[in-house]
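Notes follow the structure.
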Amino acid sequence: MARMTLEDWIVGKGVESGIGAIFNTMALCGMEIAVALRAAAVAGDTGALESVNVQGETQKKLDVVSNEIFLKRGAESGVLAAMVSEELDDISLVEAPHPNARYALVFDPLDGSSNLDVNGAVGSIFSVLDLGKSTGITQKDVLQAGHRQVAAGYVLYGPSTTLVLTTGKSVAMFSLDEASADFVLSADNIQIPSATNEYAINASRVNQWYEPTRHYIEDCLAGEAGQGGKRYNMRWCAAMVADMHRILCRGGIFLYPEDNETKSKGGRLRLLYEANPMSLLVEAAGGVASMGTGRILDVQPSSLHQRVGVIMGSRDEVVRACAFY
């Protein structure tokens, strides 16, 4: 494959200029957060703060730093009118937005931050919504069903810094060349294998699972004697970005379903900036994204931090898992 940078890809694919500007902004955020992560590790500054976010979760310093990077670079992009973050209670309006700034950026600035203390994989997840206007924006304008997303993606901070993007038509993957500060295309038109023998689930929650979840996992554990007719391996990274990246690359199924402990909230993962962007990526790559009882991208959100149950990944396996519900 000839070397193709993110900018080359944007031009070659004919990506709309505003979306292209957002992709470049996300690349810049990814580079800056990657630097902040390395610096914090050297300084031993990966611990928690005394503050909590709107979710009631104790914040790490790097959660706050990453959030500030997204807000700063997003406001400078010239194409964003509003932003929604896991770390903020309410919508953040861009001050004096450009008249043509009609997009909203919805994001989790640092997914999996509990992994920071052990140098585990973390990432950033984002979704782009078309507001159709630059002023007079309220929460109602960003409470859009996932199928209305115009773009989505994530950055994975691992052995290499990887940017994964979609406009809903296909999925492309870029790796950061630190020498040139370019994101270089490493895979295009990614397709998730339809069959798999790997599942990702937090098995420590087994006592909270609903019966359909329990029965599906028991069937996987039955190996060749189960309905799947094969042995399964379990993988769990404690960061949605890391687990979903593996699934995009080689197949698998990711489950974080609603259970007895999370039913009052509707689930564990946030719809707007975790489930929706990952669902757009998965479907664009030929996979399926469901709550077990319906398509995630069809859910009409009622609040910024709404939660849902999640089952997504390889088409055949997700269909098989959902048949238990």
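Sequential numbering of the sequence shown, starting at 0, is according to numbering that gives the first Met the number 0.
By construction, the Cβ of each residue, glycine as well, lies at the ideal position given by its N, Cα and C atoms.
Bear in mind that the values here come from a model prediction, so they are computed numbers and not experimental data.
Measure the beta-carbon distance from residue i to residue j and round it to whole angstroms, keeping in mind my assumption that it falls under 8 Å.
i: L279; j: A151; result: 4 Å
i: I124; j: D107; result: 5 Å
i: L271; j: V170; result: About 20 Å; that fails the 8 Å criterion.
Check for me: the beta strand (DSSP E) holding residue i runs from which residue to which?
i: E197; result: 197-200
i: D107; result: 102-110
i: S179; result: Segment: none, S179 is in no beta strand (DSSP E) and carries neither H nor E.
i: Y255; result: 252-255
Out of the options, which one is the CA nearest neighbour of residue i?
i: I252; options: G225, K71, E223, C219; result: C219
i: R267; options: V183, Y255, S313, G293; result: Y255
i: A40; options: G77, E257, Y156, L104; result: Y156
i: E75; options: R37, C28, V105, T195; result: C28
i: A81; options: Y198, F323, K139, A241; result: K139
i: R245; options: T134, D116, Q190; result: Q190
i: M37; options: G312, D116, C321; result: Checking the displayed sequence, the identity of residue 37 turns out to be Arg instead of Met. Checking every option, the nearest Cα to that of R37 belongs to D116.
i: S126; options: K132, R147, A120; result: R147
i: M233; options: N201, A224, D258, K262; result: N201
i: T261; options: A144, I18, Q305; result: Q305
Check residue i in the structure and name its three-state DSSP category.
i: F323; result: coil
i: R24; result: A quick correction: the sequence has Thr, not Arg, at residue 24. Three-state DSSP puts T24 in a helix.
i: V307; result: strand
i: L130; result: coil
i: A81; result: strand
i: L142; result: coil
i: R269; result: strand
i: L87; result: coil
i: N259; result: coil
i: N118; result: coil
Taking DSSP's pairing of strands, which residues face residue i in a bridge?
i: M172; result: V163, A186
i: S123; result: V154
i: S289; result: R294, I310
i: G213; result: Reading off the sequence, residue 213 comes out as Arg, not Gly. The partner list for R213 (beta bridge, DSSP) is empty, contrary to what the question assumes.
Where do the ends of the alpha helix (DSSP H) carrying residue i lie?
i: D7; result: 5-12
i: M277; result: 275-283
i: I68; result: 60-75
i: V240; result: 239-249
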